[in-house]
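Peer 1:
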Amino acid sequence: MAIRTAAAATESTVGAVPSVGPAAVLAARSDRVTHVRHLPARPGRTVAWPAWVPAELVELWAGRGITRPWEHQVQAAELVRGGASVVLSTGTASGKSLAYLMPGLSALWEDDRRRTRANRCGTVLYLAPTKALAGDQLDSLVRLGRGGQWLRPALFDGDTPHPERDWIRRYANYVLTNPDMLNRSLLPAHNRWDRFLGSLRLVVIDECHTYRGVFGSHVAHVLRRLRRLCRAHGCDPTFVLTSATVGDPAGTAQRLTGLPTAAVTDDASPRAATTMLLWDPAAGGDDEHPRRRRTAVAEAADLLTDLVLGGSQALAFVRSRRGAETVSLIAREALAQCAPHLRETVAAYRGGYLPEERRLLEAALRTGALRGLATTSALELGIDVAGLDAVVMAGYPGSRAAMWQQAGRAGRAGADALAVLIARDDPLDNYVVHHPEALFDCPPEAAVIDPANPYVLGPHLCAAAAEAPLTDADLELFGPAAQPLLDELTGAGLLRRRSTGWHWTRRDPSVLPGDIRGGGGPEVRLVELHTGRVLGSVDGARAHTHVHPGAVHLHQGRTYLVHHLDLEDGVALLERADPDHTTMARQIADIGIVDVRQSSPSGQARIHFGTVDVTTQVVSYLSKRLRTGQVFAETPLDLPEQRLRTTAVWWTLSERQIADSAVPAGDLAGAAHAAEHASIGLLPLFASCDRWDIGGVSSARHPDTGTLTVFVHDGHPGGAGFAERGYAVAADWLRATRDLILDCPCEVGCPSCVQSPKCGNGNRPLDKVGGARLLSVLLGDTPA
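Note that our numbering has the sequence shown beginning at 118, numbered continuously upward.
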């Protein structure tokens, strides 16, 4: 359901909430709807099967109900068949898989028919960002192949037993995996995969918009290493990428693969009518009786409950693992009181579950046994779940691309659908639900990646040298930053230069790219204190904030308290409890400028981009009421500092501009602090990031600049490209930030404008009016 512009949609007034179907349950709350957008149904355009598709395959697809392909499927398939790399960017549920299955399976069928002992049969590699998506694709292939020997698909991921891995290397011709396994297992053992890599015809990169930031930069180099080894094994595969919601499809694909890529974007599939509601929990009421804001989590739980009671099957997307568990818990408790037979039809789904738990939940959702599922983005991607009536999003997911991807999970069976976006108490959420043009009149964001990040490129150069000595001819694959970095790695003793190229010395395996998702540090296992049962895991970088001592942790509707955290052993001990609150870690930060890469004037002010050192420390945690979010206690913590060298965008004001702002000297720190918070909240509208991917520091007089300075920095070593994007669009970004502050009706600042949920100083001091004045002066406007 990827709607590129508002031209294809119709707009209605706030009061015109549909009164039939899933939306009927919303009638009592229609005063909280700030905008309604109706996306009309669209007929499909079919064409004949390409002549090169074997009749037997056409018959197999006909048995699955596919009698004629959509026009865009054939257009992409013809390009792939001709050897061109292609990116297919059409709406959710537009049948993108058939576009690569046609050329991929046709090649496997033909190879099987003319197979001899002397000829190698072709192979296909499919990459998915999640295990759920790869498993779903495998199920479809197994049903299509009907056990025939011409198609031997296999799932190769961290859950695959080792005896099966041997069979996959020897016999599978269609391997489904993820970039993590490609990086950690397949490429380092490429000589054992000689049969597969030497015959690789096609590489499929599904949901390519998910590869952004540090993760996307890692994946870009994993794919370059794959291309290099394929050449070494005697083949040069074609790449096909898919996404319903990627901006600049051709550019994104080329940045990922390093190959010129043709884009197919004209969606010829039919689309069900969808109604999308923007929802403000604080809307409604009047001046005498204003509505008290509820948390988006509580609001989503109530909507999910009502949808299930109304006979609908619905997903509720929640920003955090804890939030997904909380929505499930509240909905189950509500159903237990009014419809006990429905209590077990609601569950939670998120990363960190054991594999068997995930499989059971996915199966129950497909069969309809589950009527409501609260999930993180783990179910955002194309797992084929038919018959969903509604999607509830508890908070803007951070980008238009992700929003359309989540909304597109509804209506996959062809019936009319409902999508509801509930604003959190957050500047970005508040902005988008009251500025619908920011969602409906702008295309999805292009994926921001930075393959030149030395913290990303360096480990991959070492990995490539470990796989096979790096030669001068290989360097064009990795870009112009590779040569000077190779010299550094050689000087550090990690690589050794020989006549045959750069060789890996194996002195320090820890520098190889392990966690390519940018988590930082090894995983911490979550262990139940009295039973020793492993509940799941969390990556090391998040352990300080998520499983610190005293943290409330939710798992499948059960609540645990963290008893002990051992970072050295990678274990957190949890015990069952039933607290009436949640917890949130609070951390403080300091920042120092290392270098300035770019600088540009803004009137008498300047905006800069460069390298910084950030020091953070979790110092306490807040305890908050479960339903209201009210903080009732703060508990100190003694955890070590964490240090990060990364990139940042920052702006400074001259003494004259500070005077022109008319902000009293005693309020400058609070004004800069307010501008920092609001600008962090709005950057995700201009860069494909989440506010949790970035951080900030402000100072009325920073020691490195000698004047008022506001920093916004990437939260990953070496940077992720988000701060650089902020520098490139600084005028638009900061103007929207200023307008957000001025438009917010609160008097002194609230979570919807300048307060931050992760502020290490407890949102003190903050000067909302002063922040707007500083930004106005920065932009060259007269302060309001």
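Note that beta-carbon positions come from the ideal geometry of N, C-alpha and C, so glycine has one too.
Do you know how far the Cα of ARG723 is from the Cα of ASP323?
Peer 2: Each residue's alpha carbon lies about 41 Å from the other.
Peer 1: If you reduce the DSSP assignment to three classes, tell me which class TRP169 lands in.
Peer 2: In this structure, TRP169 counts as coil in the three-state DSSP scheme.
Peer 1: With H, G and I counted as helix, E and B as strand and the rest as coil, what does DSSP make of GLY657?
Peer 2: GLY657 falls in the helix class under three-state DSSP.
Peer 1: Just curious, the alpha helix (DSSP H) that THR854 is in, first and last residue?
Peer 2: Here the alpha helix (DSSP H) through THR854 covers 847-860.
Peer 1: Using the C-alpha atoms, what's the distance from LEU859 back to SER136?
Peer 2: Low confidence applies here, because SER136 scores a pLDDT of 43, under 50, leaving its location unreliable; read the following figure in that light. Rounded to the nearest angstrom, the two C-alpha atoms are 35 Å apart.
Peer 1: Alpha carbon to alpha carbon, what distance is there between THR728 and HIS680?
Peer 2: Straight-line Cα distance between these residues: approximately 38 Å.
Peer 1: On the criterion of 16 or more Cβ atoms from any shown chain inside 10 Å, does PRO781 qualify as buried, or is it exposed?
Peer 2: With fewer than 16 other Cβ atoms within 10 Å, it is exposed.
Peer 1: Quick test of your reading: LEU739 and LEU825, contact by CB under 8 Å. State the CB separation rounded to the nearest angstrom.
Peer 2: The pair is not a contact, with the Cβ atoms about 29 Å apart (cut-off 8 Å).
Peer 1: Ignore the nearest five residues each way along the sequence and tell me which others in PHE313's own chain have a CB closer than 6 Å to its CB.
Peer 2: The answer, listed in chain order, is THR240.
Peer 1: GLN774 lies in the alpha helix (DSSP H); which residues open and close that run?
Peer 2: Counting along the chain, the alpha helix (DSSP H) containing GLN774 begins and ends at 772-777.
Peer 1: Below 8 Å between beta carbons: does that hold for PRO377 and SER202?
Peer 2: Cβ atoms of PRO377 and SER202: closer than 8 Å.
Peer 1: Among LEU545, GLY200 and ARG881, whose alpha-carbon lies nearest the alpha-carbon of ASP856?
Peer 2: Residue LEU545 is the option with its Cα nearest to ASP856.
Peer 1: Look up ALA119 in the DSSP assignment and say whether it is helix, strand or coil.
Peer 2: Unreliable placement is indicated for ALA119, whose pLDDT of 30 sits below 50; no coordinate value is reported for it.
Peer 1: With a threshold of 7 Å on Cβ separation, who are the neighbours of PRO160 within its own chain once the five nearest residues in sequence on each side are excluded?
Peer 2: Answer for PRO160: PRO387, listed in chain order.
Peer 1: Rounded to the nearest angstrom, how far is the Cβ of LEU592 from that of ARG526, given a contact under 8 Å?
Peer 2: Actually they are not in contact, since the Cβ atoms of LEU592 and ARG526 sit about 42 Å apart, beyond 8 Å.
Peer 1: Okay, do the stretch 340-350 and the stretch 297-305 touch, 3+ Cβ pairs below 8 Å being the bar?
Peer 2: They touch, by the three-pair rule.
Peer 1: Pull up the distance between the alpha-carbon of GLY132 and that of PRO157, whole angstroms please.
Peer 2: The pLDDT assigned to GLY132 is 41, lower than 50, so where the model puts this residue is not dependable, and the model offers no usable value.
Peer 1: Which residue wins for smallest C-alpha separation from VAL886, given the options ALA792, ARG286 and GLY746?
Peer 2: Closest option to VAL886, Cα to Cα, is ALA792.
Peer 1: Going by the beta-carbon positions, is the gap between TRP768 and LEU883 smaller than 8 Å?
Peer 2: No; because the gap between Cβ atoms is not below 8 Å, this pair is not in contact.
Peer 1: So, does the stretch 326-339 touch the stretch 276-290, judging by three or more C-beta pairs under 8 Å?
Peer 2: Verdict: no, contact absent.
Peer 1: Just to confirm, is the Cβ distance from HIS794 to VAL871 under 8 Å?
Peer 2: Yes, the Cβ-Cβ distance between HIS794 and VAL871 is below 8 Å.
Peer 1: Going by CA-CA distance only, name the one from PRO626, ALA779 and GLY835 that's closest to ASP730.
Peer 2: Ranking the options by Cα distance to ASP730, first place goes to GLY835.
Peer 1: With respect to the beta strand (DSSP E) encompassing LYS875, which residues constitute its N-terminal and C-terminal limits?
Peer 2: Neither: LYS875 is in no beta strand (DSSP E) and is coded neither H nor E.
Peer 1: Would you call CYS806 buried or exposed, if buried means 16 or more other Cβ atoms sit within 10 Å of its Cβ?
Peer 2: Buried.
Peer 1: Please tell me whether ASN290 and LEU244 are closer than 8 Å, where the distance is taken between their beta carbons.
Peer 2: Not closer than 8 Å, so no.
Peer 1: Would you please state the rounded distance, in angstroms, between the beta carbons of PRO354 and VAL381? I believe it to be under 8 Å.
Peer 2: That pair is no contact at about 19 Å.
Peer 1: Could you tell me which residues DSSP puts in a beta bridge with GLN715?
Peer 2: PHE726, per the DSSP bridge assignment.
Peer 1: Under 8 Å, do THR493 and ALA441 count as touching if we go by C-beta distance?
Peer 2: Yes, these two residues count as a Cβ contact at 8 Å.
Peer 1: Thinking just about the alpha-carbon of each residue, which of ARG460, ASP604 and ALA271 is nearest to the one in ALA448?
Peer 2: Measuring from the Cα of ALA448, the nearest candidate turns out to be ARG460.
Peer 1: Hey, could you find the ends of the alpha helix (DSSP H) TRP187 is sitting in?
Peer 2: Taken as a continuous stretch (DSSP letters only), TRP187 belongs to no alpha helix (DSSP H), as it is neither H nor E.
Peer 1: Check whether the stretch 505-514 and the stretch 829-844 touch, using three or more Cβ-Cβ pairs below 8 Å as the test.
Peer 2: These segments do not touch.
Peer 1: Is the separation between the beta-carbon of TRP396 and that of ARG198 shorter than 8 Å?
Peer 2: No, these two residues do not count as a Cβ contact at 8 Å.
Peer 1: In whole angstroms, what is the alpha-carbon distance linking THR745 and TYR572?
Peer 2: Taking the straight line joining both Cα atoms gives about 41 Å.
Peer 1: Taking the continuous beta strand (DSSP E) assigned at GLY618, which residues delimit it?
Peer 2: Note, GLY618: beta strand (DSSP E), 618-621.
Peer 1: Alpha carbon to alpha carbon, what distance is there between GLU584 and ASP311?
Peer 2: One C-alpha to the other measures close to 13 Å.
Peer 1: Is there at least one non-hydrogen atom of the ligand ZN closer than 7 Å to the beta-carbon of VAL414?
Peer 2: In the structure shown, the ligand ZN is absent, as is every other ligand, since no ligand is present at all.
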